[in-house]
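S.K.:
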Amino acid sequence: MEPLDFLAAVLPFAENYYCVAEFDSRQKEHVFGSSLEELAANAAQFDRDQKDAYFALAAYKHSGDRTAENAKVMRSFFLDIDCAEDGPKTYANKELGIAALNAFIGKTGLDKLGVPLVVDSGGGDHVYWPRTANIEIAAWKPIAVIIKRLCKQEWLKIDMSVPADASRVRRVPGTTYC
């Protein structure tokens with residue numbers, strides 16, 4: 060899947076401002092734009108500059124402020140499964156991580172959200188359940204918290220800081236450093 064197609068699948072529809080960022084330089088540059096095409100072009104520029112490109116999962120009310128308080132809407136629920144070594148917070152490999160994810164989805168009924176998009180993040184997998192409409196943050200957050208609690212309850216090894224964070228960024232799939 061091309062980066063623009065992926066972003067179009069998981070990001071909110073035409074809502075104010077999108078954000079792409081890099082954290083390799085001292086400036087930790089964030090670039091805001093009003094279209095997915097602009098977002099993908101900025102991510103591609105970071106990639107050409109040999110910087111990891113990240114995108115924010117929310118659309119924001121105002122540019123220049125990637126905070127949860129400024130987040131307006133979401134269109135996906137998401138998890139981060141780390142797979143590097145077997146431990147209390149990681150799976151030994153990606154196959155074990157995906158097997159645990161599939162068992163978790165079946166056991167919790169999250170299969171009703173549809174088949175998730177799974178993106179290889181290098182050291183694990185990013186999991187996304189895109190929705191068909193934008194979700195206001197006030198409605199999205201309680202559902203995201205429930206998904207996070209289900210992960211904890213069912214011992215799914217995820218990065219617990221990710222699922223309910225309205226200002227979260229993820230690597231842009233298809234960029235060199237992803």
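According to the numbering used here, the sequence shown is numbered sequentially starting from 60.
Backbone N, C-alpha and C fix where the C-beta goes; we use that ideal spot for every residue, glycine too.
(1) Quick test of your reading: I177 and I157, contact by CB under 8 Å. State the CB separation rounded to the nearest angstrom.
(2) In angstroms with no decimal places, state the Cα-to-Cα distance between R190 and S84.
(3) How far does the alpha helix (DSSP H) with R15 in it reach, from first residue to last?
(4) Report the three-state DSSP secondary structure of V174 (helix, strand or coil).
(5) When the Cα of G182 is compared with those of A67, K211, N152, which residue comes out closest?
(6) Buried or exposed: where does M133 fall if 16 or more other Cβ atoms within 10 Å of its Cβ makes it buried?
(7) What are the boundary residues of the beta strand (DSSP E) that Y103 is part of?
(8) What are the boundary residues of the beta strand (DSSP E) that N161 is part of?
(9) Give the single residue among C142, D224, K120, I164 whose Cα lies nearest to the Cα of A73.
(10) Identify the residues that DSSP records as bridge partners of S135: which are they?
(11) Measure how close the beta-carbons of L95 and L66 come, nearest whole angstrom, since I'm counting them as under 8 Å.
M.R.: Here's the rundown:
(1) Reading off the sequence shown, one finds Val at residue 177, where the question assumed Ile. Confirmed, about 7 Å.
(2) Their Cα atoms are separated by approximately 34 Å.
(3) Since the first residue of the chain shown is 60 and the last is 237, residue 15 is not available in this structure.
(4) DSSP, reduced to helix, strand and coil, places V174 outside both helices and strands of the structure shown, so it counts as coil.
(5) Looking at the Cα atoms, N152 is the closest of the given residues.
(6) With at least 16 other beta carbons inside 10 angstroms of its own, M133 counts as buried.
(7) First, the amino acid is wrong: residue 103 is Ala here, not Tyr. That residue, A103, is in no beta strand (DSSP E); its alpha helix (DSSP H) goes 95-107.
(8) No beta strand (DSSP E) holds N161; the alpha helix (DSSP H) holding it covers 153-167.
(9) The residue among C142, D224, K120, I164 with its C-alpha nearest the C-alpha of A73 is K120.
(10) For S135, which the question treats as bridged, DSSP gives the partners P189.
(11) Indeed, because the Cβ distance is near 5 Å, the residues count as touching under 8 Å.
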